[in-house]
Amino acid sequence: VGIISAASNNAMLNNSLRFVSYLGLAMPNFLLALMIMLFSTIYFGDTLTGLFSKEYRDAPWSFDKFLDLLTHAWLPIFILGWSATAFALQTIMALMTDEIGKLYVTAAAARGVSGRRLLWRYPARHALSPIINSLGFDLNRIFNELPVVALILTLTEAGALLVESLARSNDQQLAGAIIFLLTASIVSINFVTDVLLAILDPRIRKSMIG
Numbered sequence: 028v029g030i031i032s033a034a035s036n037n038a039m040l041n042n043s044l045r046f047v048s049y050l051g052l053a054m055p056n057f058l059l060a061l062m063i064m065l066f067s068t069i070y071f072g073d074t075l076t077g078l079f080s081k082e083y084r085d086a087p088w089s090f091d092k093f094l095d096l097l098t099h100a101w102l103p104i105f106i107l108g109w110s111a112t113a114f115a116l117q118t119i120m121a122l123m124t125d126e127i128g129k130l131y132v133t134a135a136a137a138r139g140v141s142g143r144r145l146l147w148r149y150p151a152r153h154a155l156s157p158i159i160n161s162l163g164f165d166l167n168r169i170f171n172e173l174p175v176v177a178l179i180l181t182l183t184e185a186g187a188l189l190v191e192s193l194a195r196s197n198d199q200q201l202a203g204a205i206i207f208l209l210t211a212s213i214v215s216i217n218f219v220t221d222v223l224l225a226i227l228d229p230r231i232r233k234s235m236i237g
């Protein structure tokens, strides 16, 4: 969306996306969660808390329970990804605006490259590299914000389990497993981002091969 917006001359679209990105950077995730819960409670009579409906909380896993999880999981995913998406949107719009005006894009257009091919082959590749490179940092920030959002939405998440396993039950095996999974997730995301960067940027790919 940021790439298309930066490439177009639609002032209304650009200003709307810029407003949304500023709002996402300014509003904390926990405040967004409280506002959504308040709105849902007033107009729909549902607080949108928890990951399961009452009839599925203690039920064994089934396909229906999985579908019920999907109907509830969108809210924490949206809230946790709100600020990271806003930052990525603002960054990609600024980078695309800068890249489109550079000489190599003008030279490619003079050689007959135009339209989507020009957009995605040259400026979009360079603009996406910093976004992909920051995915590992974004995941780490999401893990840091998860306990507060989980407390508001009454979710059972890794942070709460980690604190409980160390402070209350002294379950070192569970604590070690949680720390291992969180670390493995961050390392895996960083590895995937390195691979994506090598695919997108020929300079990085040549340096890795060389």
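Residues 28 to 237 (this note's numbering) are what the sequence shown spells out, left to right. Every residue, glycine too, gets a C-beta built ideally from N, C-alpha and C.
| Asked | Found |
| --- | --- |
| C-alpha distance - LEU75 paired with GLY128, whole-angstrom precision | 46 angstroms |
| Burial state of MET62 (16 or more Cβ within 10 Å) | exposed |
| Proximal residues to VAL176 (C-beta, below 8 angstroms), its chain only, five neighbours per side dropped | ASN56, PHE57, ALA60, PRO103, ILE106, LEU107 and LEU182 |
| C-alpha distance - SER141 paired with ILE30, whole-angstrom precision | 15 angstroms |
| DSSP state of ASP228 mapped onto helix, strand, coil | coil |
| Member of SER48, HIS99 and LEU96 whose CA lies at the smallest distance from the CA of ALA111 | SER48 |
| ALA111: CB within 7 angstroms of a non-hydrogen atom of the ligand GDP | Ligands displayed in this structure: none; no statement on the ligand GDP is therefore possible. |
| Closest by C-alpha distance to PRO157, when choosing among ALA121, PHE90 and TYR131 | ALA121 |
| Where ARG32 falls, given that 16 or more other Cβ within 10 Å makes a residue buried | Just to set this straight, residue 32 is Ser in the shown sequence, not Arg. Buried, by the Cβ-count rule. |
| Three-state class that DSSP yields for VAL222 in the structure shown | helix |
| For ARG152, the nearest candidate out of ALA225, ASP198 and PHE170 (CA to CA) | ALA225 |
| Reference TRP147; option with closest CA among LEU65, ASP228, LEU44 and ASN41 | ASP228 |
| Reference ARG168; option with closest CA among ILE213, LYS81, ILE159 and MET54 | ILE213 |
| Cα-Cα separation, THR124 to PHE164 | 24 angstroms |
| Beta-carbon proximity of ALA113 to LEU52, cut-off 8 angstroms | yes |
| Cutoff 7 angstroms; reference ASN41; Cβ partners in own chain excluding five residues on either side | SER32 |
| Coil, strand or helix - TRP101 by DSSP | helix |
| Neighbour-count burial assignment, TYR70, 16 or more Cβ in a 10 Å radius | exposed |
| Candidates LEU178, ILE216, PHE79 and GLY203, of which the one nearest ALA100 by Cα | PHE79 |
| Unbroken stretches of the beta strand (DSSP E), 3 residues or longer, contained in the stretch 58 to 146 | none |
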